[in-house]
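See structure below.
Protein chains: 2
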Amino acid sequence: MLYVCAVELKEAKEKFIQAWGTLGSNWGINRTMAQLHALLMVSPEPLSTDEIMEELNISRGNANMNIRALIDWGLVSKVHKPGERMEYFSAEKDMWKVFKQVAKERRKREVEPIFKVLGEVGQVKPGKHNKEEVKEFQEVIKGIQSFASKTDRTLEMIIKADENWFLSSFIKLVK
Amino acid sequence: MLYVCAVELKEAKEKFIQAWGTLGSNWGINRTMAQLHALLMVSPEPLSTDEIMEELNISRGNANMNIRALIDWGLVSKVHKPGERMEYFSAEKDMWKVFKQVAKERRKREVEPIFKVLGEVGQVKPGKHNKEEVKEFQEVIKGIQSFASKTDRTLEMIIKADENWFLSSFIKLVK
DNA sequence: ATATATTTTCAGAAAGTATTGAAAGTTCAA
DNA sequence: TTGAACTTTCAATACTTTCTGAAAATATAT
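Chains D and L are the protein sequences, given in the same order. Taken in order, the first sequence gives residues 8 to 182; the numbers are from the working numbering. Taken in order, the second sequence gives residues 8 to 182; the numbers are from the working numbering.
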């Protein structure tokens, strides 16, 4: 009886971990990294590298690499248990914080290069025989630039905003 | 002289296409698909499959497959030139519309399955000896569910909203 | 210092995805 | 119908990404 319940919880966690992995890979995040994140989200206690290897059936190298990546993204942190030499890891469990952190990192990693490219390609000067085409090209690029900067500002705002402020603003607008 | 200008435009387009491809693959979109989309965005005229093959240096099968996928995403449409048998393709160039369309599709494809899994795993019933653990697990899942439904509603609103309405709302909030 | 525990690295292997190209399928004008 | 023009499919292949595992590096206790 007790056994059954324990298995159910284990299965639920397993299912969630798989789903989170799939979700991640749809969004350009390495599946194992997403699974590892999910595992730590549903672990009441911090886990060691060995426990993670065991739970996800992955190698030490793989575990280490993805733990580092998650730490790099600011989603996981090291925990030192007193009197223990081994490192343990725990994840942020508050989804709003997770979202903000991911948004922040992606913004940092992707917005800068996009603006750079858009700025560069927008510089094309028209010649005598392709004035029209250059103009049309520049229009499209300008449109993208404008969208990108609006999105960027919005994103920055959301990142800085407090959860309740953000949500309540939207709820008010929806009503 | 004229030659130089033409080359510059071509290079700018090329650079943009590459950048768009990279951006896409960071977000879980096949690189060729993103490049094809970029190519059509900067083409004043609709292009045929052969022109696309030529521009991107890809095979007919690849071109065909990615054109279909883009049509499926609602980002590209067939254009029939009067008196011509060959099909031509053109892309939506308004970034706001592109964004809305992508958001709409992703929502359709991803929100449903996530809610399903969250609903399922949230059902775990506590046994005698893991009450605490089940409760903690359910808390995390509930948090994600709540975030997901808020995000979903916000997304729906954005999709339905008119560009100006959306932006001006945000601008007001920022001021 | 030395031994031991733990983490990190990285070349090669495996797995996962995208691409090719030729054959099959479709459409349509004559 | 026929066949030329064009589109779609799909098995084989190429390419990319991820993973492994053992060796190297690092940290800690004695």
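Idealized CB from N, CA, C, for every residue including glycine.
- request: Going by DSSP, name the residue or residues bridged to VAL86(D).
  value: One-based indexing of the first sequence puts residue 86(D) at position 79. In the DSSP output, where bridge partners are listed per residue, VAL86(D) has TYR95(D).
In this structure, how does DSSP classify SER66(D) when only helix, strand and coil are distinguished? Here residue 66(D) refers to the residue found at position 59 of the first sequence. Reduced to three states, the DSSP call for SER66(D) is coil.
- From ARG114(D), GLU143(D), ILE78(D), PHE154(D), pick the residue whose C-alpha is nearest to that of GLU94(D); which is it? Locating residue 94(D) in the first sequence gives position 87, counting from the first residue. GLU94(D) has its Cα closest to that of ILE78(D), out of ARG114(D), GLU143(D), ILE78(D), PHE154(D).
**Status (buried if at least 16 other CB within 10 Å, exposed otherwise) for VAL181(D)** = Locating residue 181(D) in the first sequence gives position 174, where the first residue counts as 1. Its pLDDT being 48, under 50, VAL181(D) is placed unreliably by the model, and nothing is read from it.
Taking a contact to mean a Cβ-Cβ separation below 8 Å, would you say LYS22(D) touches GLU127(L) in this structure? Taking the first residue of the first sequence as position 1, residue 22(D) is located at position 15. Taking the first residue of the second sequence as position 1, residue 127(L) is located at position 120. It is a contact, given that the beta carbons lie within the stated cut-off.
Worksheet entry | Cβ-Cβ distance between ALA76(D) and MET102(D) below 8 Å | Residue 76(D) sits at position 69 when you count from the first residue of the first sequence. Residue 102(D) sits at position 95 when you count from the first residue of the first sequence. Cβ distance not < 8 Å, so ALA76(D) and MET102(D) don't count as in contact.
**Asked** From the DSSP output, which residues share a beta bridge with LEU46(L)?
**Response** On the second sequence, residue 46(L) is found 39 positions in, with the first residue counted as 1. The partner list for LEU46(L) (beta bridge, DSSP) is empty, contrary to what the question assumes.
Check: When the Cα atoms are used, what is the spatial distance from ARG116(L) to HIS136(D)?
Finding: Your numbering for residue 116(L) matches position 109 in the second sequence. Your numbering for residue 136(D) matches position 129 in the first sequence. Cα to Cα, ARG116(L) sits roughly 45 Å from HIS136(D).
| query | Roughly how many whole angstroms lie between the Cα atoms of PHE154(L) and SER66(D)? | reply | Numbered from its first residue, the second sequence carries residue 154(L) at position 147. Numbered from its first residue, the first sequence carries residue 66(D) at position 59. Rounded to whole angstroms, PHE154(L) to SER66(D) spans 33 Å at the Cα level.
| query | Around the C-beta of GLU91(D), are 16 or more other C-beta atoms found within 10 angstroms, so that it is buried, or is it exposed? | reply | Here residue 91(D) corresponds to residue number 84 of the first sequence, with the count starting at 1. Exposed, by the Cβ-count rule.
Beta-carbon of GLU140(L) versus every beta-carbon of chain D: anything under 8 Å?
Position 133 of the second sequence, counting from 1, holds the residue named residue 140(L). Yes - at least one Cβ of chain D is within 8 Å of the one on GLU140(L).
Residues of the segment 108-123 of chain L with a CB closer than 7 Å to any CB of chain D: list them in chain order, please. GLU117, ILE121
Item to check | Straight-line Cα distance separating ASN64(L) from ASP57(L) | outcome: Your numbering for residue 57(L) matches position 50 in the second sequence. Your numbering for residue 64(L) matches position 57 in the second sequence. Distance between the alpha carbons of ASP57(L) and ASN64(L): 10 Å.
| said: I'd like to know whether the C-beta of ASN73(D) is nearer than 8 Å to at least one C-beta of chain L. | reply: Within the first sequence, numbered from 1, the residue matching residue 73(D) stands at position 66. ASN73(D) does not count as touching chain L.
Q. Relative to the C-alpha of GLU112(L), which residue among VAL131(L), GLY81(L), PRO89(L), LYS85(L) is closest?
A. By 1-based counting over the second sequence, the position of residue 112(L) is 105. With distances taken between Cα atoms, GLU112(L) lies closest to GLY81(L).
Going by the beta-carbon positions, is the gap between VAL118(L) and ASP159(L) smaller than 8 Å?
-> Taking the second sequence and counting its residues from 1, one reaches residue 118(L) at position 111. Taking the second sequence and counting its residues from 1, one reaches residue 159(L) at position 152. The answer is yes: Cβ separation under 8 Å.
**Report entry** Minimum Cβ-Cβ distance from LEU16(D) to chain L less than 8 Å
**Finding:** Here residue 16(D) refers to the residue found at position 9 of the first sequence. LEU16(D) counts as touching chain L.
Check: What residues of chain D sit near PHE96(L), judged by a beta carbon separation below 7 Å?
Finding: By 1-based counting over the second sequence, the position of residue 96(L) is 89. Those within 7 Å of PHE96(L) in chain D number zero; the least Cβ separation is about 16 Å.
What does the alpha-carbon distance come out to for the pair ALA168(L) and ASN71(D)? Indexing the second sequence from 1 puts residue 168(L) at position 161. Indexing the first sequence from 1 puts residue 71(D) at position 64. Roughly 44 Å between the two C-alpha positions.
Next item on the list: Taking LYS51(L) as the query, report the chain D residues whose CB atoms sit under 7 Å from its CB, ordered along the chain.
Entry: As a position in the second sequence, residue 51(L) is number 44, starting the count at 1. It is Pro, not Lys, that sits at residue 51(L) in the sequence shown. Correct list: GLU140, GLU143.
Quiz item: What is the residue span of the alpha helix (DSSP H) that ILE148(L) lies within?
Solution: As a working note, residue 148(L) is residue 141 in the second sequence. Per DSSP, ILE148(L) belongs to the alpha helix (DSSP H) from 138-167.
message: Does VAL14(L) pass the burial test, meaning 16 or more other C-beta atoms within 10 Å, or should it be called exposed?
response: Locating residue 14(L) in the second sequence gives position 7, where the first residue counts as 1. So VAL14(L) counts as exposed.
| How about ILE24(D) and LEU46(D): do their beta carbons lie closer than 8 Å? | Position 17 of the first sequence, counted from the start, is the residue given in the question as residue 24(D). Position 39 of the first sequence, counted from the start, is the residue given in the question as residue 46(D). Result yes, Cβ atoms of ILE24(D) and LEU46(D) sit closer than 8 Å.
Requested in this report: Answer yes or no: do MET48(L) and LYS100(L) have a C-beta to C-beta separation smaller than 8 Å?
Outcome: As a working mapping, residue 48(L) is identified with position 41 in the second sequence. As a working mapping, residue 100(L) is identified with position 93 in the second sequence. Yes, these two residues count as a Cβ contact at 8 Å.
Less than 8 Å between the CB atoms is what I'm expecting for SER97(L) and VAL109(L), so what's the real figure, rounded? As a working mapping, residue 97(L) is identified with position 90 in the second sequence. As a working mapping, residue 109(L) is identified with position 102 in the second sequence. About 17 Å separates the two Cβ atoms, so there is no contact after all.
Nearest chain L C-beta to LEU30(D) closer than 8 Å, yes or no? The residue given as residue 30(D) occupies position 23 in the first sequence. Yes, LEU30(D) lies at the interface with chain L (some Cβ there is under 8 Å from its Cβ).
Q) Got a sec? Which residues, its chain only, sit under 7 Å from THR148(L) by beta carbon, not counting five neighbours each side? A) The residue you call residue 148(L) lines up with position 141 of the second sequence. The question names Thr, but residue 148(L) in the sequence shown is Ile. So the qualifying residues of the chain are LEU125, VAL128, GLY129.
Check: Are the C-beta atoms of LYS104(D) and some chain L residue less than 8 Å apart?
Finding: As a first step, residue 104(D) is located in the first sequence; it is residue number 97 there, counting from the start. No, LYS104(D) lies away from the interface with chain L (no Cβ there is under 8 Å from its Cβ).
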